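The block underneath contains the structure these notes are about, expressed in structure tokens.
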Amino acid sequence: MRLQPLLPKLISPSQTGFLKGRLISENFLVARELLNHLNSGNFPAIMMKLDFYKAFDTVDWGFLNRILTIRGFPSVYISWINLLLTTATSSVLVNGLKGETFLHKRGLRQGDPLSPFLFILVADVLSRMLEATSIVLHCNLSPRFTVPFFILQYADDTLVFSTVQGSSLQVLHLTLRLFQLASGLHLNNHKSAFLPINLDAITVETVKCLFGFTTSSLPMDYLGLPLTLGRPDRSCFLPLLQKIESRLQGWKNCYLSRAGRLTLASSVLSAIPSYFMSVFLLPRWLIDAIDKARKRFIWGTNNEGKHRTHLVAWDKLCMPKEVGGLGIKNIKLQNQAFLLRWLWFLYKNHDSLWFRTTSKIYSPIRGEAAPLVWNKRGSFFWKDIHSLSYLFQFSTRLTIFSGQAASFWYDNWAGKPLIPLLKGAHKPPRQRISYSRGSASLSSLLPMPWDQSTMLLLNDNIPRNQTDVPDDLCWRWKSDGRFSVSSFYTTISVSGKIRNSLNYIWSFRIPPSLKLFLFLASGNRLLTQQQLLRRNLLALQPSCVLCNQCLLEDGLHLFFSCPFTILVWHRLSLLVTLPPLIESFAVREAFFLTLQHYVTDKPAQTLIATFFWTIWMERNNRIFRRKARDADQLSSWILCEAGLYLKFS
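In full-length UniProt numbering, the protein residues as written are 1 to 649.
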């Protein structure tokens with residue numbers, strides 16, 4: 001019997017640690033929404049952040065056994081768990097020497113994959129105890145939260161919201177005390193703290209004396225994120241920028257090729273802000289700062305510490321490779337993709353803690369999804385995701401069955417929302433499609449007189465089949481209709497863009513640095529003499545260093561029409577079968593015409609790519625190192641290098 005698949009049914013929704021389908025960011029969002037709700041409604045309460053001493057090392061085994069027994073686990077399974085726990089040993093290093101081993105008396109095995117699951121079974125007891133207090137306490141956090149306590153847990157990170165009415169504080173203190181005595185977990189009073197919400201000074205002192213905790217203030221660090229009431233200021237995002245800069249400092253001392261820098265920027269640097277992007281709509285200045293750090297790292301600096309020339313526009317870098325970019329993540333678009341998840345949860349994941357909380361705070365009808373309408377008392381995050389509702393409507397489509405969930409005007413059930421058809425009229429009520437199926441006429445849904453033809457058109461699009469099957473929301477960018485961040489990002493990033501005719505160069509069996517070189521060369525972005533003059537980096541107009549004939553070296557001449565390049569190609573074609581170089585009016589066209597016949601011929605692709613790379617390196621060696629090789633030497637070198645690439649790539 002496996003423990004993990006059983007846990008979602010056994011563990012309270014307030015626990016999001018180590019459980020598939022539950023997100024750490026969900027706890028943070030719920031804490032922020034509840035904090036805003038209590039503060040804006042002027043409801044007196046406290047938010048308590050609990051810290052336990054060495055939580056995994058202090059779990060009482062007898063308590064764990066009782067939990068497993070009560071939860072209905074077989075005795076043989078419990079005996080297996082006990083065998084794992086009681087056979088754990090440790091030893092102490094004394095002056096560098098290993099001492100005698102000794103058996104453990106409590107705690108869970110460190111590094112054991114089963115330990116996190118056993119721990120959340122123990123931690124869940126605190127959540128159940130606080131839930132049970134609602135039977136004896138007849139006081140609420142607010143009119144919409146009809147419980148005295150609200151707990152959020154991520155493993156041992158615990159946040160408790162408590163009302164201060166009646167004897168709620170005394171009951172909370174007693175509950176925490178009983179949990180500590182039973183479980184073996186003990187609170188660290190020095191690290192635990194509470195945040196007063198709409199409390200007077202006397203009540204604050206009462207809480208301090210009762211629990212022995214210090215008072216905290218906002219912004220507060222919770223699960224590695226800044227918890228605030230209003231929109232976070234610049235100081236809240238500085239740790240994110242510092243983390244990026246510290247990572248860059250560690251890489252700057254490494255000898256990385258430009259392709260290596262590009263790989264790190266597209267994978268590691270783009271992933272660092274992901275956690276923040278899942279719970280914040282990042283401000284423009286922060287996106288610009290992250291992009292600036294990534295740009296500087298990709299292009300690097302010279303020996304004097306000055307930033308090198310940026311060969312490709314940043315917008316081009318952030319385009320996917322299939323449409324001519326380099327696949328660097330667009331932070332703004334990625335941020336939007338992450339935040340759309342929470343709109344999807346509102347409609348599709350009704351078991352989530354996020355749905356349960358927002359429906360209580362914002363929904364006019366208990367138990368239904370909160371409508372995406374502007375709420376002046378809503379949190380800044382609720383307003384932020386409201387601003388993305390147009391993207392959500394564009395990315396989803398409602399399949400109508402019962403019509404109970406779909407709004408006639410505001411939801412996308414007819415291919416697009418119908419509200420734009422009103423053209424400036426007053427906003428209509430949020431009537432369900434099912435409303436139009438009864439005795440009510442379609443005209444009752446319209447806030448203004450409409451012509452008969454328009455009404456007939458709308459009427460014909462309303463499904464008439466009566467059914468109790470709920471309406472289904474589908475994600476347009478995946479065949480299975482399920483939401484994913486990557487599907488939105490990929491679809492929007494390539495939308496309206498022409499497919500790159502040289503996209504196949506990324507599948508060549510050559511090192512990444514050569515692939516990047518081909519990308520730059522085919523786009524005429526290498527710093528040839530023509531490009532240096534255009535960027536005002538070269539005062540004179542020297543001739544081509546390979547042939548000493550051309551008045552101005554550009555990409556077309558260097559790779560296709562230079563006599564020396566043609567001679568090397570000819571020498572190479574004597575050794576292997578190659579067509580003549582094809583010169584065209586543009587560099588990109590010339591590369592395409594030369595490579596298009598070898599889309600499936602991997603050895604030929606590698607050979608031609610190595611040829612262009614060698615011509616470029618020969619050009620650089622002659623300029624910067626004053627070294628030159630003849631055509632026969634280069635052709636032999638190209639064959640040797642191409643063979644190595646094919647063997648080891």
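From the three backbone atoms N, C-alpha and C, an ideal C-beta is built for every residue, glycine too. Values in this document were obtained by computation on a predicted structure and should not be read as measured data.
- Ile328 and Ser162 have their C-alpha atoms roughly 45 Å apart.
- Contact annotation: Phe591 and Leu516 have beta-carbon atoms that are not nearer than 8 Å.
- Taking the CA atoms as reference points, Ser127 sits about 52 Å from Tyr255.
- Under the three-pair Cβ rule at 8 Å, the segment 211–220 counts as touching the segment 186–196.
- With a cut-off of 8 Å on Cβ pairs, the segment 610–630 is in contact with the segment 557–565, counting three or more such pairs.
- Annotation for Arg247: Val268, Leu269, Ile272 place their beta carbon closer than 8 Å to its own, counting only its chain and skipping 5 residues before and after.
- Boundaries of the beta strand (DSSP E) harbouring Ala193: 193–197, taken from the DSSP string.
- Under the three-pair Cβ rule at 8 Å, the segment 80–92 does not count as touching the segment 142–150.
- Shown here for Leu286: same chain residues with a beta carbon closer than 7 Å to its own, the five before and five after excluded, namely Phe237 in chain order.
- Per DSSP, the unbroken beta strand (DSSP E) holding Lys49 starts and ends at 45–50.
- Counting other Cβ atoms within 10 Å of its Cβ, His37 reaches 16 or more and is therefore classed as buried.
- An exposed status is given to Arg499, since fewer than 16 other beta-carbon atoms sit within 10 Å of its beta-carbon.
- Assigned with DSSP and collapsed to three states, Thr358 falls in helix.
- Ranked by Cα distance from Gly324, the first of Leu340, Ser235, Pro196, Gly523 is Gly523.
- In the DSSP assignment, His307 forms a beta bridge with Thr301.
- Contact between the segment 26–37 and the segment 177–188 is not established, with fewer than three Cβ pairs separated by less than 8 Å.
- Distance between Met277 and Glu589, taken at the CA atoms: about 40 Å.
- Where Ser573 is concerned, the enclosing alpha helix (DSSP H) starts and stops at 563–575.
- Residue pairing of Trp475 in beta bridges, as defined by DSSP: Thr396.
- Counting only runs of at least 4 residues, the segment 78–145 fully encloses the following alpha helix (DSSP H) elements, listed from N- to C-terminal order: 115–132.
- Minimum Cα-Cα distance from Ile361 among the listed residues Asp471, Leu19, Arg144 corresponds to Arg144.
- A buried status is given to Val164, since no fewer than 16 other beta-carbon atoms sit within 10 Å of its beta-carbon.
- Considering only Leu537, Gln529, Leu264, the residue with the shortest C-alpha distance to Ile623 is Gln529.
- The beta-carbon separation of Arg106 and Asp60, rounded to 6 Å, stays under the 8 Å limit for a contact.
- Per DSSP, reduced to three states, the secondary structure at Leu581 is coil, with no helix or strand assignment.
- In the DSSP assignment, Asp221 falls within the unbroken beta strand (DSSP E) covering 220–222.
- Taking a cut-off of 8 Å on C-beta distances, the segment 295–312 does not touch the segment 345–354, as fewer than three cross pairs fall below it.
- Only residues of its own chain outside the window of five on either side were considered, and among them Tyr347, Lys348, Thr396, Leu398 have a CB closer than 7 Å to the CB of Leu473, listed in chain order.
- In the three-state scheme derived from DSSP, where H, G and I count as helix and E and B as strand, Gln153 is classed as strand.
- Look at the beta carbons and you see the segment 62–74 not touching the segment 220–238: under three pairs across the two are nearer than 8 Å.
- With fewer than 16 other Cβ atoms inside 10 Å of its own Cβ, Lys252 counts as exposed.
- For Pro226, DSSP records a beta bridge to Asp221.
- Taking a C-beta distance under 8 Å as the contact criterion, Arg261 and Phe297 qualify as a contact pair.
- In the DSSP assignment, Leu159 is bridged to Lys49, Leu152.
- By the Cβ test, the segment 568–582 is in contact with the segment 633–646, since at least three Cβ pairs between them sit closer than 8 Å.
- Glu205 is classed as exposed because its beta carbon has fewer than 16 other beta carbons within 10 Å across all chains shown.
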